[in-house]
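Below is one structure; the comments refer to it alone.
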Amino acid sequence: MGINRNGICWCGSNKKYKYCHLAMDEKIAEYKRNGYEVPSRKLIKNEKQIEGIRESGRINTLILDSISDKITEGITTEDINRYVHELTLKLGGIPAPLGFEGYPKSVCVSVNDQVCHGIPSPDRVLKSGDIVNIDVSTIYQGYFGDSSRMFCIGEVSKERRLLVNTTKEAIEEGLKAVLPYNTLGDMGQAVNDYVKAKGYSVVYSVGGHGVGLEFHEAPYVSYVSKKHTEMLMVPGMIFTIEPMVNEGSPEVYVDDDNGWTIYTEDGSDSAQWEIMVLVTETGYEILAH
Ligand code: MF3
Ligand code: CO
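Each residue of the sequence shown is one higher than the last, beginning at 7 in my numbering.
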C-alpha cells in the first residue's frame, strides 16, 4: 500500500498516522468505493488550522454583534460599510470582500428584493419596513471567517418578519443533518423541505461554500440538493450554510450596471442568514454566526 502507519500523518499534526487520520481515511475510502463524493485532504483541516479559523470566525461574529445596535432607520448602506471596515481593522483583521474578484466594498448589504451581494452606497438610506442582510467576511492572520444576519428596520410587516424568521429556522433544520458521514445533500434537503413547507422558495443558482484557508473553497454547497447526494461530511471540514429564501419564485438576475448585486426576478422579498460550521466527531461546531 505504501502507507506507513508509523509515519507522520499527512495533516500536519506531527502525530503518527495510525494515531491520527488513518482510521478516518479508511472509512472515507470505503464510502468512496460505494460511490460517494468524498473531500480531498485539503478540505480536512487540522487542529492548528481549526484554531486559526475559529478565531477568525469569532471576530466575524463579534463584528456583527458590535454593529447591530447601529443598524437603524436613516443610516445608509455606505455607513454600514464604514462601520464594518473600521471595526475589522481595529480588531486586527482585513475585510475579505474588499477587492475580492474586484468587489469594491468591505461588506455586502442586501435590502428587500436584493438577494445577495448588495453594494453599499451613500444613496441607499434604510427606511422603516426594510429587511436587510449584512454579510461580513474577515481575514484574520490568514484565516477566513464568513457569516451574515438579517436586520428588521423600524416597523416591519408580518409577512417580511415571517420570511426572515423562517429563513433562520431553515438553517436550524439544516444543522440537525450536519453529522459526520452524512452528506451535504442531507443538509441541503432539510433546508429546502422546511422552506418549501412554509410556501417559500430557495434560490438554486447561488449557494454556499467551503471556507477557512480561502474565502471560497470547495465544496459548493447547494440548498436544493437531495438526501444521500453531494459530498460526504467528515470531521475537520468547514463550510457555510447560507440559503437565500425568496417569498415568490426562486428566479434571480444580476444587476447589469454593477455586475454583482442579485435581485429576485419577480421583485418579491428575499432573506438570507449565513453561519460557518465545522464538522466534528459528534456533529458540528458553529464557528461564525
Ligand atoms: N460573503 C459572501 C458569501 O457569503 C461572498 C461575497 S463575495 C463578495 O459567500 F465579493 F461580494 F464579497
Ligand atoms: Co459565504
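The beta carbon of each residue, even a glycine, is placed where N, CA and C say it ideally should be.
Here the structure is a predicted model, which is why all the values come from computation and not from measurement.
- Annotation for Lys182: Ala196 place their beta carbon closer than 8 Å to its own, counting only its chain and skipping 5 residues before and after.
- With fewer than 16 other beta carbons inside 10 angstroms of its own, Lys133 counts as exposed.
- Distance from the CA atom of Ser274 to the CA atom of Glu43, rounded to whole angstroms, is 36 Å.
- As a beta-bridge residue in DSSP terms, His215 pairs with Tyr226.
- In the DSSP assignment, Asn252 falls outside any alpha helix (DSSP H) and lies within the beta strand (DSSP E) extending over Met250 to Asn252.
- As a beta-bridge residue in DSSP terms, Asn139 pairs with Ser116 and Met156.
- Taking each of Asp261, Gly194, Ser231 and Asn139 in turn and checking the Cα distance to Met156, the smallest one comes out for Asn139.
- Burial state of Leu49 is buried, judged by a 10 Å Cβ sphere holding 16 or more other Cβ atoms.
- In this structure, the C-beta of Val283 stays at least 8 Å away from each heavy atom of the ligand CO.
- Using a Cβ-Cβ distance cut-off of 8 Å, the region 217-225 and the region 243-251 are in contact, since at least three pairs of beta carbons, one from each stretch, lie closer than that value.
- Gln147 sits exposed, since fewer than 16 C-beta atoms from the chains shown fall within 10 Å of its C-beta.
- For Met237, the three-state secondary structure derived from DSSP is strand.
- Boundaries of the alpha helix (DSSP H) harbouring Thr83: Thr83 to Lys96, taken from the DSSP string.
- Taking a cut-off of 8 Å on C-beta distances, the region 149-167 touches the region 59-67, as three or more cross pairs fall below it.
- Shown here for Lys21: same chain residues with a beta carbon closer than 6 Å to its own, the five before and five after excluded, namely Cys15 in chain order.
- Nearest in C-alpha terms to Pro241, of all of Gly99, Val285, Ala277 and Asn12, is Val285.
- A Cβ-Cβ contact shorter than 9 Å links Ser276 with Val121.
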